[in-house]
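These notes are about the structure you will find just below.
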Amino acid sequence: MSQEELQETKQKNYAEAIRYMDNAKETLKKAGKENNQYSDCKYVRTACGTAYNGVLIALDAYLLLKGIEKKSRKSIEYYREQIGKVDKRLLKHLNTVYKVLHLEGYYDGTLDASAVKGGFDEAYLIIDYIKPV
């Protein structure tokens, strides 16, 4: 992959991941918040799922930039294995995002605004790995 292709891949996937995060933030606003607790778990679940998918877009691009070919249907084990080979710090961020956004946010529908904010912060850290310069 040429330098130009690398930059184009970063730019395209970074923009798409950020678009997902922006959509997730807009959805989260609909959940309503009082005393650091969201009011409607439907919107929290949707927002967390959208944010998590944005992270997966960034991770797919990151792995591609590292020369790891894309697999069609991936699991968290696939991401953990591949990311673990390349960057242990990124793996820690991934584990946090998986736990907070995917499991607690999307599946369990947590209403804890601090937990969701922490998950979103970690998501942005992962997405920044492919931020174009």
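Numbering (the numbering used here), first residue to last: 29 to 161.
Note that the Cβ used here is the ideal one computed from N, Cα and C, for glycine as well.
Are Gly82 and Ala151 closer than 8 Å when you measure CB to CB? Within the sequence shown, residue 82 is the residue found at index 54, counting from 1. Within the sequence shown, residue 151 is the residue found at index 123, counting from 1. Between Gly82 and Ala151, the C-beta spacing is below 8 Å.
Bridge partner(s) assigned by DSSP for Glu62: For the purposes of this step, residue 62 is taken as the residue at position 34 of the sequence shown. Paired residue(s): Gln65.
Looking at the secondary structure, which residues open and close the alpha helix (DSSP H) in which Gly146 lies? What you label residue 146 is simply residue 118 of the sequence shown in a count that begins at 1. Element bounds for Gly146: 141-155.
Report the option in Leu34, Asp149, Ser100, Gly147 whose CA atom is closest to the CA atom of Tyr90. Translated into positions along the sequence shown, residue 90 becomes position 62. Nearest option by C-alpha distance: Leu34.
Write down the C-beta distance between Leu92 and Thr37 rounded to the nearest angstrom, noting that I regard them as a contact closer than 8 Å. Here residue 92 refers to the residue found at position 64 of the sequence shown. Here residue 37 refers to the residue found at position 9 of the sequence shown. So it is a contact: roughly 6 Å between Cβ atoms.
At the level of alpha carbons, what is the spacing between Val144 and Tyr135? Taking the sequence shown and counting its residues from 1, one reaches residue 144 at position 116. Taking the sequence shown and counting its residues from 1, one reaches residue 135 at position 107. Roughly 13 Å between the two C-alpha positions.
Starting from Arg101, trace the alpha helix (DSSP H) in both directions and tell me its first and last residue. Looking up residue 101 in the sequence shown gives position 73. No alpha helix (DSSP H) holds Arg101; DSSP gives it neither H nor E.
Reduced DSSP secondary structure (H/G/I, E/B, other) of Ile96: On the sequence shown, position 68 is the one that residue 96 refers to. Correct three-state label for Ile96: coil.
Taking buried to mean at least 16 other C-beta atoms within 10 Å of its own C-beta, is Ala43 buried or exposed? Your numbering for residue 43 matches position 15 in the sequence shown. Exposed.
Measure from the C-beta of Asn64 to each C-beta in chain B and report whether the shortest distance is under 8 Å. As a matter of chain content, chain B is missing from the structure shown, which is built from one protein chain.
According to the neighbour-count rule (16 or more other Cβ atoms, all chains shown, within 10 Å of its Cβ), is Met29 buried or exposed? Taking the first residue of the sequence shown as 1, we reach residue 29 at position 1. Around the CB of Met29, fewer than 16 other CB atoms lie within 10 Å, so the residue is classed as exposed.
I need the boundaries of the alpha helix (DSSP H) containing Met29, first residue and last residue. Start at 1 with the first residue of the sequence shown, and residue 29 comes out as number 1. Taken as a continuous stretch (DSSP letters only), Met29 belongs to no alpha helix (DSSP H), as it is neither H nor E.
Quick check on this structure: which residue in Leu84, Ser100, Lys99 has the alpha carbon closest to the alpha carbon of Ala45? Here residue 45 corresponds to residue number 17 of the sequence shown, with the count starting at 1. If we check each option's Cα against that of Ala45, Leu84 comes out closest.
Can you tell me whether DSSP reads Gly77 as helix, strand or coil? Counting from one through the sequence shown, the residue named residue 77 turns up at place 49. In the three-state DSSP reduction, Gly77 falls in the helix class (H, G or I).
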